[in-house]
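36 is the number of the first residue of the sequence shown in the working numbering; add one for each residue after it. Here a beta-carbon is modelled for each residue, glycine too, at the ideal position from N, C-alpha and C. None of the values given here were measured: they were computed from a predicted structure. Working notes, beginning with the structure itself.
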Amino acid sequence: MKFDKNKSFTFISNNSEDGKNIISKNNLNSMTTETIVLFISEEKFLIKSDAAISIAIKLNPLFVIFNILFIIPKRIRDKVYDYIAKNRYKWFGENESCDITNEIY
């Protein structure tokens with residue numbers, strides 16, 4: 036969220052009331068909390084690699100080059116996403132507190 040200078044995104048925790056309502060309403064209960072969900076509209080959302088690439092592009096126009104990643108089959112991109120998500124704390128460390136102080140950013 037610290038890279039979102041234009042405040043383009045709103046963060047809602049999966050464990051908050053709003054998060055639980057959105058998850059239930061969109062039938063995302065089978066998704067783990069390790070998965071990012073980007074809502075484009077009330078009915079349309081992106082998950083995993085689709086969401087990560089779309090967020091990167093929105094955060095920095097120079098990242099438009101990441102559009103090329105969409106030519107890789109989603110199944111493969113999502114496997115890479117899952118691998119990175121699983122190992123991110125090992126590679127980058129884990130904060131003792133969340134940088135996002137409010138549930139809704």
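Exercise. Cα separation between N41 and F98?
Worked result: 16 Å
For this session: Could you tell me which residues DSSP puts in a beta bridge with L81?
Result: L73
Exercise. Rounded to a whole number of angstroms, what is the C-alpha to C-alpha distance between F105 and D85?
Worked result: 8 Å
Exercise. What's the call for I75, buried or exposed, on a 16-neighbour Cβ count within 10 Å?
Worked result: exposed
For this session: Determine the burial state of K83: buried for a count of at least 16 other Cβ atoms within 10 Å of its Cβ, exposed for fewer.
Result: buried
Exercise. Residues in its own chain within less than 7 Å of L94 by CB, not counting five upstream and five downstream?
Worked result: F38 and D39
Exercise. Between which two residues does the alpha helix (DSSP H) containing V115 stretch?
Worked result: K109 to F127
For this session: Could you give the DSSP three-state label for D39: helix, strand or coil?
Result: coil
Exercise. Which one of I71, N62 and S59 has the shortest CA to CA distance from F46?
Worked result: I71
For this session: Let me know if Y124 comes out buried or exposed under the rule of 16 or more other beta-carbons within 10 Å of its beta-carbon.
Result: exposed
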